[in-house]
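S.K.: Just so we're on the same page, the working numbering is the position in the sequence shown counted from 1, plus 2. From the three backbone atoms N, C-alpha and C, an ideal C-beta is built for every residue, glycine too.
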Amino acid sequence: MKVKFQGKEINIRRIGILTGGGDCAGHNAVIVGLLRRISQANLTLPADEKMELVGLLEGWKSLTRDPDKEMDRIVKPLALLDIEETFTVAGTILKSSRTNLFSKENIEKKLPEKAMANLKKLNIDCLAVLGGDDTLGAAGKLGQQYIFPMFGAPKTMDNDVYGTEMTYGFESAVEEAVHFIENIRTTAESHNRCFVVELLGRSAGWVALWAGIAGGAEVTLLPEENLNLDNVVKQVEHAISKKQHCIVVVSEGVRLFDTRYPEAVNKRHKEMLDAVKADPKYALVKARDEMPKKKDSFGNEQLGGIGEYIFAILEKHTKGFEYRYQNCGHAIRGGVAHVMDRILGLRYGDAIFQFMKDGKFGVYPGLEADKIVARNLLEVKGGRFVPQDHQLFQMRNAVDYY
Ligand code: F6P
3 MKVKFQGKEI
13 NIRRIGILTG
23 GGDCAGHNAV
33 IVGLLRRISQ
43 ANLTLPADEK
53 MELVGLLEGW
63 KSLTRDPDKE
73 MDRIVKPLAL
83 LDIEETFTVA
93 GTILKSSRTN
103 LFSKENIEKK
113 LPEKAMANLK
123 KLNIDCLAVL
133 GGDDTLGAAG
143 KLGQQYIFPM
153 FGAPKTMDND
163 VYGTEMTYGF
173 ESAVEEAVHF
183 IENIRTTAES
193 HNRCFVVELL
203 GRSAGWVALW
213 AGIAGGAEVT
223 LLPEENLNLD
233 NVVKQVEHAI
243 SKKQHCIVVV
253 SEGVRLFDTR
263 YPEAVNKRHK
273 EMLDAVKADP
283 KYALVKARDE
293 MPKKKDSFGN
303 EQLGGIGEYI
313 FAILEKHTKG
323 FEYRYQNCGH
333 AIRGGVAHVM
343 DRILGLRYGD
353 AIFQFMKDGK
363 FGVYPGLEAD
373 KIVARNLLEV
383 KGGRFVPQDH
393 QLFQMRNAVD
403 YY
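(1) Taking 8 Å as the threshold (C-beta atoms), are Val365 and Arg377 in contact?
(2) Are the beta-carbon atoms of Gly351 and Val5 separated by less than 8 Å?
(3) For Leu202, is the beta carbon positioned less than 7 Å from some heavy atom of the ligand F6P?
(4) DSSP has Ala130 in a bridge; who is on the other side?
(5) Evaluate contact between the segment 145-156 and the segment 100-113, counting only Cβ atoms and requiring at least three cross-stretch pairs below 8 Å.
(6) Can you check DSSP and say which residues form a bridge with Gly368?
(7) Say yes only if the C-beta of Met159 is nearer than 7 Å to one or more non-hydrogen atoms of the ligand GTP, and no if none qualify.
(8) Consider the Cβ of Lys111: report whether some Cβ of chain B lies at a distance smaller than 8 Å.
(9) Beta-carbon separation of Val250 and Leu211 under 8 Å?
(10) Just to confirm, does Glu226 get its C-beta within under 7 Å of one of the non-hydrogen atoms of the ligand F6P?
(11) Taking the CB atoms as reference points, tell me whether Ala206 and Asn161 lie closer together than 8 Å.
(12) Using the three-state DSSP reduction, which class does Asn13 fall into: helix, strand or coil?
(13) Under 6 Å Cβ to Cβ from Lys52, same chain only, skipping five residues before and after it: list those, please.
(14) Thr188 to His181, Cα distance in whole Å?
(15) Applying the criterion that 16 or more other CB atoms from any shown protein chain within 10 Å of the CB defines a buried residue, is Arg262 buried or exposed?
(16) Would you call the segment 317-333 and the segment 124-134 in contact, with 3 or more CB pairs under 8 Å?
(17) Return yes when the Cβ of Val238 is within less than 8 Å of the Cβ of Leu316, no when it is not.
(18) What does DSSP give as the partner residue(s) for Gly57 in the beta ladder?
(19) Check Ile40 in the structure and name its three-state DSSP category.
(20) So, does the segment 137-150 touch the segment 340-356, judging by three or more C-beta pairs under 8 Å?
(21) First and last residue of the beta strand (DSSP E) that includes Val199?
(22) Just to confirm the assignment, what range does the beta strand (DSSP E) spanning Tyr327 have?
(23) Identify the continuous alpha helix (DSSP H) that holds Leu243 and give its terminal residues.
(24) Could you tell me if Thr66 is buried or exposed, where buried requires 16 or more neighbouring beta carbons within 10 angstroms of its beta carbon?
(25) Would you mind giving the Cβ-Cβ distance between Asn194 and Thr94, rounded to the nearest angstrom? I have them listed as a contact below 8 Å.
(26) Could you please give me the residues that DSSP links to Cys26 through a beta bridge?
(27) CA-CA distance, Lys272 and Ala280?
(28) Give me, in chain order, the residues of the same chain whose beta-carbon lies closer than 6 Å to that of Gly18; leave out the 5 immediate sequence neighbours on both sides.
(29) Exposed or buried, Val421, counting other C-beta atoms within 10 Å across all chains shown (16 or more means buried)?
(30) Between Asp74, Val256, Leu113, which lies nearest to Leu96 when the distance is taken from Cα to Cα?
(31) Under three-state DSSP, which class holds Thr222?
(32) Give the straight-line distance between the Cα atoms of Ala314 and Cys248, rounded to the nearest whole angstrom.
(33) Determine the closest residue to Thr85 out of Ala117, Arg38, Leu124, with distance taken between C-alpha atoms.
(34) Drop a sphere of 10 angstroms on the beta-carbon of Met358, count the other beta-carbons inside from all chains shown, and report buried for 16 or more, exposed for fewer.
(35) Given 7 Å as the limit, tell me if His181 has its C-beta closer than that to any heavy atom belonging to the ligand F6P.
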């Protein structure tokens, strides 16, 4: 298809597409949404303008490989009738990785240059990059540095990408988390227990907030607020006194200690944690606490396990009822793509095609009041947190109502 790029006419024939970062529901829907429009356009385009969509495997990693030696690990041909039905499932048919082209080490290894050279070798005229802020940020840089036609689409189950009211992947993760909480509730009720349920979401509490409310959690703890475990103990005791069971949803980004917290709170949390660590029953919590913290290639801290601390502290500092801890982990971002993510993914794929047709490059689609808007890839960032004046923030703890 002939379009205008940087004031010149270019003929886009081969469009590459890759998925980076953590997988989620909706990736396949974006691919299908874009491929549908390409196939439709091909019905009327002259032969020398017909297009094809080529999948690049494992995110940016594909473009760091050697096409002469391992082509089958780099590209995956995409035919609409072969892949169309995948938009209903989560995950990504293109596989994913957290390869950071622009890490210090990879810049030294000249991987951005290599990626660009590979795009040329593969005859790719334009690239669609599906991912969170890290993956999209790399697309923006590469597109700018090499003046290459680039698009993005904002995914992440965390729903924390700037420039859109919703990322795809979020709603399905919430549905799965709610299903999990509902299953926990019947067993919690049957045994008069308190369950601590930890949910992914990195340092944004959207998943925990929605799932906590929709799943009827008595207490929901978010990274955006100051944790005070003495208050949580009171909330749990109150819930138990009224209902004999309780569900505490904890977002994985919640911290026991933080410079934001009053000093007295950090001190009190330390006291509580020390009491846990001194008890051989919680040897695993002690071991976890002493383990070195890991980071991914983008420098993001690998989270996970805060729920276990909170479970142990609650169990240690309250009496007379039983506790259990469950970490939903990655299961909530897998499985089926729920309706909202099917639709949003298909919309984003459709929008990418429209941007291309309109000669609007270097952008990703965002949702604003149910309309698609074009956002600049160079402005993408994460950290779209739950504002404390959000209506849902005030509604998050069922226990506050009785
Ligand atoms: O993609 C976002 C996310 O699911 C976060 O919620 C979570 O902290 C992280 O990915 C987990 O990363 P990984 O899949 O690399 O363990």
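M.R.: Based on what the coordinates show:
(1) yes
(2) no
(3) yes
(4) Ile19, Phe153
(5) no
(6) Val375
(7) Ligands present in the displayed structure are limited to the ligand F6P, and the ligand GTP is not among them.
(8) As a matter of chain content, chain B is missing from the structure shown, which is built from one protein chain.
(9) no
(10) no
(11) yes
(12) strand
(13) Asn44
(14) 11 Å
(15) exposed
(16) no
(17) yes
(18) Ile19, Lys78
(19) helix
(20) no
(21) 195-201
(22) 324-329
(23) The amino acid at residue 243 is misidentified as Leu; the sequence shows Ser. Here the alpha helix (DSSP H) through Ser243 covers 231-245.
(24) buried
(25) So it is not a contact: roughly 42 Å between Cβ atoms.
(26) For Cys26, which the question treats as bridged, DSSP gives no partner whatsoever.
(27) 12 Å
(28) Val56, Leu58, Ile126, Leu129
(29) Any question about residue 421 goes unanswered here, given that the chain covers just 3 to 404.
(30) Asp74
(31) strand
(32) 15 Å
(33) Per the sequence shown, the amino acid found at residue 85 is Ile instead of Thr. Residue Arg38 is the option with its Cα nearest to Ile85.
(34) buried
(35) no
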